[in-house]
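Worksheet: one structure, shown below.
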Amino acid sequence: MIKLYNAALSPFAARVRMALAYKGIDWDDVSPPGGLKSPEYLAINPAGRIPVLELESGYLLPESEVIVEYLEDIHPNPSLRPKDMERRARARVLARIADFHVVEPMRPLFGQLGAKDKDQAVIKASFTNIDDGLRYLEAQLCPGPWAIGADISTADCALIPILYFVEMLGGIYGVKNIFDAHDKVQAYWNEAKVQPLSVQTLDDIAKGLAEYMKSQT
Ligand SMILES: N[C@@H](CCC(=O)N[C@@H](CS)C(=O)NCC(=O)O)C(=O)O
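This note's numbering numbers the first residue of the sequence shown as 7 and each following residue consecutively.
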């Protein structure tokens, strides 16, 4: 059985879990041995990041979007890859926007969460950059319920966990109604987050978050 080096809280691992669940693929849930930066785990992924999928051959495949594409290749039914070539390209664009233009600007906010003296300039810059990313996303989203229209795709596996974090961080830092200036993103988020597969994926993240908060107290 394939093994996933996983953490419930990770939006990148959640992307993979969502694809596994949609496709009905059984998998082994493995925690990074000794933590993400332990020598054991750095031998598994020198980037010290999750997720990593261990294939039956023993090959260790990093990078969530590549993992999702791999799952689609080995298990094409039910499919997360649109048949129409333009939609297929659009799904890839959306996943890229999620990774490079929405998640990357969020990273400094995680660093600030535990900081005693929060750097307001860093926080402000992050939210400005997230807003730019959401504007980019707004221009590319299709009418829903899913990111490229009627059918779920790899783009949804990328976007749903990430938008959950955008909303959550907005709440934590007091940025109200973070999607307000982006009608299509807001409409997408409202519709997509209540789909049963999204609910299951987001519940797992919420459980991971609750455990993390408990471990911090
Ligand atoms: N591009 C990677 C990003 C993975 C990533 O950043 N994972 C986070 C967890 S959400 C992580 O392991 N962070 C630990 C670190 O950056 O030190 C992917 O798509 O898999």
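Quick reminder that beta carbons are idealized off the backbone N, C-alpha and C, glycines included.
Between the alpha carbons of residue i and residue j, how many angstroms are there, rounded?
{"i": "D79", "j": "R113", "result": "30 angstroms"}
{"i": "I166", "j": "G177", "result": "17 angstroms"}
{"i": "E71", "j": "G139", "result": "18 angstroms"}
{"i": "A101", "j": "A49", "result": "28 angstroms"}
{"i": "V58", "j": "A14", "result": "13 angstroms"}
{"i": "V200", "j": "E69", "result": "26 angstroms"}
{"i": "L208", "j": "A27", "result": "13 angstroms"}
{"i": "P111", "j": "N12", "result": "23 angstroms"}
{"i": "K213", "j": "M219", "result": "10 angstroms"}
{"i": "L203", "j": "A20", "result": "11 angstroms"}
{"i": "G120", "j": "M91", "result": "44 angstroms"}
{"i": "K43", "j": "N196", "result": "36 angstroms"}
{"i": "H3", "j": "K124", "result": "This structure does not reach residue 3, given that the chain is present from 7 up to 223, and the question cannot be answered."}
{"i": "W33", "j": "N135", "result": "36 angstroms"}
{"i": "V74", "j": "F18", "result": "10 angstroms"}
Relative to the alpha-carbon of residue i, which residue among the options has its alpha-carbon at the smallest distance?
{"i": "D105", "options": "V191, A19, I168, L66", "result": "I168"}
{"i": "G41", "options": "P52, W33, I31, D34", "result": "P52"}
{"i": "V191", "options": "E173, P202, Q206", "result": "E173"}
{"i": "I211", "options": "S16, N12, M7", "result": "S16"}
{"i": "Q146", "options": "R93, S63, A27, I31", "result": "R93"}
{"i": "D137", "options": "P151, A95, N183", "result": "N183"}
{"i": "V22", "options": "L86, I103, V99, P45", "result": "L86"}
{"i": "M1", "options": "A121, A198, Y65, P111", "result": "Because the chain spans 7 through 223 in this model, residue 1 falls outside it and cannot be assessed."}
{"i": "A99", "options": "L143, M24, G214, I56", "result": "Per the sequence shown, residue 99 should be read as Val rather than Ala. Minimum Cα distance to V99 is reached at L143."}
{"i": "Y194", "options": "Y170, A216, Y179", "result": "Y170"}
{"i": "A25", "options": "H107, Y76, M91", "result": "Y76"}
{"i": "C148", "options": "N83, D189, F116", "result": "D189"}
{"i": "Y179", "options": "A187, L215, Q118", "result": "Q118"}
{"i": "G150", "options": "A127, L115, I129, A198", "result": "A198"}
{"i": "H107", "options": "N83, A164, D186, I56", "result": "A164"}
When you compare the CB positions of residue i and residue j, do they come within less than 7 angstroms of one another, or not?
{"i": "E60", "j": "K29", "result": "no"}
{"i": "A97", "j": "S159", "result": "yes"}
{"i": "V181", "j": "F133", "result": "yes"}
{"i": "D162", "j": "A153", "result": "yes"}
{"i": "L215", "j": "L175", "result": "no"}
For residue i, which of helix, strand or coil comes out of DSSP?
{"i": "I8", "result": "strand"}
{"i": "L42", "result": "coil"}
{"i": "E71", "result": "helix"}
{"i": "D35", "result": "strand"}
{"i": "V181", "result": "coil"}
{"i": "L147", "result": "coil"}
{"i": "G155", "result": "strand"}
{"i": "E60", "result": "strand"}
{"i": "L15", "result": "coil"}
{"i": "L140", "result": "helix"}
{"i": "L86", "result": "coil"}
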